[in-house]
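Engineer:
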Amino acid sequence: MNLKKSTGSGRAEKFVLRAAVMLLAFFMLFSLSGCRESKVIQEILYDQASEDIDYDNLTKVANNDENNKEKDPNLSKKKIDKSKRDADQKKVAAKKGTGKNEGKAAKEVGDEKAKDGKSNKKKKKDGKGKGEGEAAEGQNGGGASKDPNKRPINDESGNQVKKPEKVDSVVVAGSGAGLVQMLGGSDILAGTSESFANNSLAQSVFSGQGIGNAKQLWSGDGTTPMSDSSFEEVLRMKPDVCIGMGGESNFSDEQLKKLQKAGIYYMAIPRMNTADNIENAVTMMGDLIGDRSKRGGLNAKEKAAEYIDYCQNLVDEVTGKTGLFTWNNIDFNNDLSVSGLKRVSNASTEGSYTLYVSDWDSSATFQMSEGGSVIYKEKGVAVAPKGYSNSPLSYYLSVAGVCNNGARFSRGSEDEYAAIPLVINGQNPEINGSSLSIYNVRTESFLRAKAGDIDVSLGEQASGQNEFPAIIVESESVKSSIESSEMWKKRDRIKVGNETDIGFESNGTLIRSFSKGDYDIYVNPEGVCSWSKGSIESVLESVWAAWKFSGEYSESEVRDKISDFYSRFYGHTLSESELNDILNGK
C-alpha cells in the first residue's frame with residue numbers, strides 16, 4: 001500500500017517536473033526572440049540584402065565615433081533591416097579610416113583635388129561619380145532587387161524612380177536630347193525642343209537614327225513648360241520616359257501630376273553646370289536606358305562609362321600641357337550655391353585671362369555724367385555672366401590654363417551684368433532701357449585682373465607678353481556688335497587738359513579705358529549641343545582654348561579631337577564644312 005502511494009507520488013512529481021521544464025524552455029525561447037542577432041548573423045544579413053554600392057564614391061561621411069555606435073540590446077531584426085544602409089556606410093567608413101563628422105568633411109572638401117592641380121575625380125570604370133544628382137542605385141530601397149532591370153534609381157531631386165523594363169522612347173528638351181541620342185542610339189528620341197529639332201547639324205549627325213521622327217514639343221530651348229496642346233500630344237504618344245533637366249522648368253507641376261496619372265515615368269537629371277554634374281547625368285541616363293543593343297540601339301551603360309573615361313583622360317591630357325589656372329585657387333568645377341567655396345591645390349601660377357560675353361543688349365543705353373552733364377553716352381552694352389556656377393565653361397577654360405575673369409565675381413543677385421570696358425568710378429554710370437545692372441560700380445573689373453602682384457587689363461602687355469589677349473563671345477552677332485562699339489575700341493595714351501592716361505576724349509573729358517592694347521575676339525564653338533551652356537560636348541572647350549590661348553594644340557589637332565568625339569560618341573564622320581561650322585560657332 002505504501003509502495004503504491006510512493007509510485008503514484010513519483011509519477012506526479014515527474015509530470016510536474018516535465019511541465020516546469022517545458023514552461024521554462026518556452027519562457028527562454030520567448031525571451032530570446034527579442035534579443036539582438038549576433039555579429040555574425042548581422043553580417044550575413046547585410047551580405048545577402050545589400051545592393052552593389054560604389055563605396056569609393058559615397059558622398060555621405062559616416063561618424064564612426066565609439067560614442068555614437070548603436071548599443072541597444074533590444075534592437076529588432078526589422079530595425080536592423082531598415083537601417084542597413086547606414087550600417088553599411090559605417091562599416092565602410094571604418095575600413096577607409098574616415099572617422100570624421102560631416103561638418104569637418106565639408107570644411108575640408110576644397111583640398112580633395114590632386115596635388116598636381118588636375119581634376120581628382122576618382123571614379124570607377126562603371127562611370128559612377130559623386131555629386132549632386134548621383135545615380136546611386138538602390139540606396140533608398142529595402143533590399144536587393146531580383147531583377148536588376150527594375151532596380152530603382154534616384155533622380156536629381158532624390159526621388160526614387162523604378163526603371164521601365166525597356167526604354168525605347170524618351171521625351172527630353174535641349175542638351176538632354178543630345179545625351180539621349182549619344183547613349184540610346186537609333187529611334188529613341190520621341191520628342192524634344194525647337195532648339196534641337198531645328199539644329200541642322202543635329203539633323204545631319206543623327207539622320208540615320210530616326211531623328212526626323214522626333215516631334216517638336218517645346219518652343220525655344222525648352223527651359224519653360226510646353227504648351228497644353230503639346231503636352232496632350234505627349235500623353236497620346238505615351239513615351240517610356242519623360243526627362244526633366246535640373247535648373248529648368250521643362251514640365252509644370254500640373255503636367256507632372258498628369259504624367260504620373262498616365263503611368264509615364266518621369267526622371268530629373270542634374271543641371272549640366274559642372275563637369276561632375278554632366279558626368280552624373282550621363283551615368284543616370286545610362287542606367288535608365290540600359291542595353292538596347294539587341295533592339296537596334298546601343299548599350300547605354302557601357303557608352304556612359306566610355307564617355308566618362310574619355311572626359312577624365314582628356315582633362316588630364318590638357319592640364320598636363322597647360323597646367324590648371326584659376327583665380328586664387330578657386331575650384332571652378334563646383335556649384336557654389338550647393339557646395340560652398342572650394343579650392344584646388346597646386347594650381348599653376350601662370351596662365352591667360354579672358355572674359356566670356358554671352359550676349360549684346362541693343363536696347364540698353366550706357367552713359368556717364370560729371371557735374372550734372374553727360375560726358376559719354378552709347379547705345380548697346382555687352383552682357384557677361386557672373387560667377388562660375390552657371391555653366392562648366394569657366395572650369396574647362398581653367399583646365400586649358402585660362403581664367404575667365406567674370407568667374408571671379410559671385411556676389412549679387414543677378415546672374416549677368418553689363419560688361420563696360422571703361423573706368424567708371426565716380427562718374428555716375430547709368431544703364432537705361434534694360435534690366436541689366438553695373439556690377440557694384442566696378443564693372444571695369446570684368447576687363448581687369450587685379451590682385452596682389454597681378455594687374456593686367458584687356459590687351460595690355462605685361463611682363464613682355466599679353467596676359468589678357470582675347471575675349472570669348474557666344475556668337476558672331478555679339479562679335480560684330482563689340483567690333484562696332486566705341487567703348488570697346490583699342491585705346492592709346494592721350495592727354496586731355498592736365499590729365500594723361502589710356503583712353504579717349506569725350507565732351508572735353510578724358511574717358512579712361514581698360515582696352516589697353518590689341519586683343520582678339522573669339523566666337524565660342526558650338527556643335528550638336530552648346531559648349532558654353534553645359535552639355536556632353538563641353539569638355540571639348542578645353543582643347544579649343546588650349547589652341548587659341550597657348551598654342552599647346554594646333555588647329556589640325558583640335559579638328560582631329562572634335563572629329564574623333566563625333567565618330568566615337570555620335571557614330572558620325574564630320575565633313576570639313578561641318579567642322580568649320582562647329583569651330584565658327586554656327
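The opening residue of the sequence shown carries number 1 in full-length UniProt numbering; numbering runs sequentially from there. Heads up, the beta-carbon is just placed ideally off N, CA and C, and yes, glycines get one too.
Are I431 and A418 close, meaning C-beta to C-beta below 8 Å?
Structural biologist: yes
Engineer: Can you tell me which of M368, D518, S169 puts its alpha carbon nearest to the alpha carbon of I264?
Structural biologist: S169
Engineer: Quick check for students: name the residue ranges of the beta strand (DSSP E) that lie wholly in the region 500-555, counting only runs of 3 or more.
Structural biologist: 509-512, 520-523
Engineer: How is A300 classed by DSSP in three states: helix, strand or coil?
Structural biologist: helix
Engineer: For the putative contact between P469 and S394, defined by C-beta atoms under 8 Å, what is the C-beta separation to the nearest angstrom?
Structural biologist: In fact, because the Cβ distance is near 17 Å, the residues do not count as touching under 8 Å.
Engineer: So the beta strand (DSSP E) Q216 belongs to, where does it begin and stop?
Structural biologist: 215-218
Engineer: Does the beta carbon of A304 fall short of 7 Å from some heavy atom of the ligand SAM?
Structural biologist: Although the ligand SAM was asked about, the structure shown includes no ligands whatsoever.
Engineer: Would you mind listing the beta strand (DSSP E) stretches within the region 303-330 that are 3+ residues and don't spill past its ends, in chain order?
Structural biologist: Runs found: none.
Engineer: What residues in its chain sit with their C-beta under 7 Å from that of K78, if we drop five residues either side in the sequence?
Structural biologist: Any reading at K78 is ruled out, since the residue's pLDDT is 29, under 50, leaving its predicted position unreliable.
Engineer: Compare the beta carbon distance of Q209 and E194 with 8 Å and say whether it is the shorter of the two.
Structural biologist: no
Engineer: CA-CA distance, L436 and I471?
Structural biologist: 20 Å
Engineer: To the nearest whole angstrom, what separates the beta carbons of L422 and I502, a pair I think is in contact under 8 Å?
Structural biologist: Actually they are not in contact, since the Cβ atoms of L422 and I502 sit about 11 Å apart, beyond 8 Å.
Engineer: Starting from K495, follow the beta strand (DSSP E) in both directions and report where the run begins and ends.
Structural biologist: 492-496
Engineer: Going by CA-CA distance only, name the one from G371, I494, E460, V558 that's closest to K516.
Structural biologist: E460
Engineer: Using a 10 Å radius around the Cβ and a threshold of 16 neighbouring Cβ atoms, would you call S227 buried or exposed?
Structural biologist: exposed
Engineer: Please state whether DSSP places L574 in a helix, a strand or coil.
Structural biologist: In the three-state reduction of the DSSP assignment, L574 falls in the coil class.
Engineer: Give me the residue from M368, Y388, V374, L397 with the minimum Cα distance to residue 642.
Structural biologist: Limits of the chain in this structure are 1 at one end and 586 at the other, which puts residue 642 out of reach.
Engineer: Straight-line CA distance for D276 to N333?
Structural biologist: Distance between the alpha carbons of D276 and N333 is about 7 Å.
Engineer: Please name the residue in S175, S358, S506, S434 whose C-alpha comes closest to that of E248.
Structural biologist: Minimum Cα distance to E248 is reached at S175.
Engineer: Give me the Cβ distance between W547 and P525, rounded to the nearest whole Å; I'm assuming they're in contact under 8 Å.
Structural biologist: Incorrect: roughly 11 Å between the Cβ atoms, too far for contact.
Engineer: Using the C-alpha atoms, what's the distance from T322 back to Y396?
Structural biologist: 12 Å
Engineer: Assuming L189 and A304 form a contact by the criterion Cβ under 8 Å, report the distance between their Cβ atoms to the nearest whole angstrom.
Structural biologist: With 8 Å as the limit, L189 and A304 do not qualify as a contact, their Cβ atoms being about 17 Å apart.
Engineer: Quick check: S391 and S532, are their CB atoms within less than 8 Å of each other?
Structural biologist: yes
Engineer: When you compare only the Cα positions, how much space is there between D240 and V167?
Structural biologist: 6 Å
Engineer: Check for me: the alpha helix (DSSP H) holding N277 runs from which residue to which?
Structural biologist: 275-289 is the span of the alpha helix (DSSP H), which, as asked, contains N277.
Engineer: So what's D581 in DSSP terms, helix, strand or just coil?
Structural biologist: It is helical.
Engineer: Within the same chain, show all residues whose beta-carbon is closer than 6 Å to that of S293, passing over the 5 residues directly before and after it, in chain order.
Structural biologist: Counting only Cβ-Cβ distances below 6 Å, and skipping sequence neighbours, we find N299.
Engineer: Give the list of continuous alpha helix (DSSP H) stretches no shorter than 4 residues that lie fully inside the region 353-382.
Structural biologist: none
Engineer: Within this structure, are the beta carbons of Q255 and F231 separated by less than 8 Å?
Structural biologist: yes
Engineer: Report the residue from S229, A281, L458, Y522 whose alpha carbon sits nearest the alpha carbon of S358.
Structural biologist: Y522
Engineer: In three-state terms, what does DSSP make of E416?
Structural biologist: strand
Engineer: In its own chain, which residues sit with a C-beta less than 6 Å from the C-beta of A262, not counting the 5 before and 5 after it?
Structural biologist: L235
Engineer: Between which two residues does the beta strand (DSSP E) carrying I454 extend?
Structural biologist: 454-457
Engineer: Roughly how many angstroms separate the alpha carbons of G286 and E233, rounded to a whole number?
Structural biologist: 26 Å
Engineer: What does the alpha-carbon distance come out to for the pair G551 and I562?
Structural biologist: 17 Å
Engineer: Span of the alpha helix (DSSP H) holding G178?
Structural biologist: 175-184
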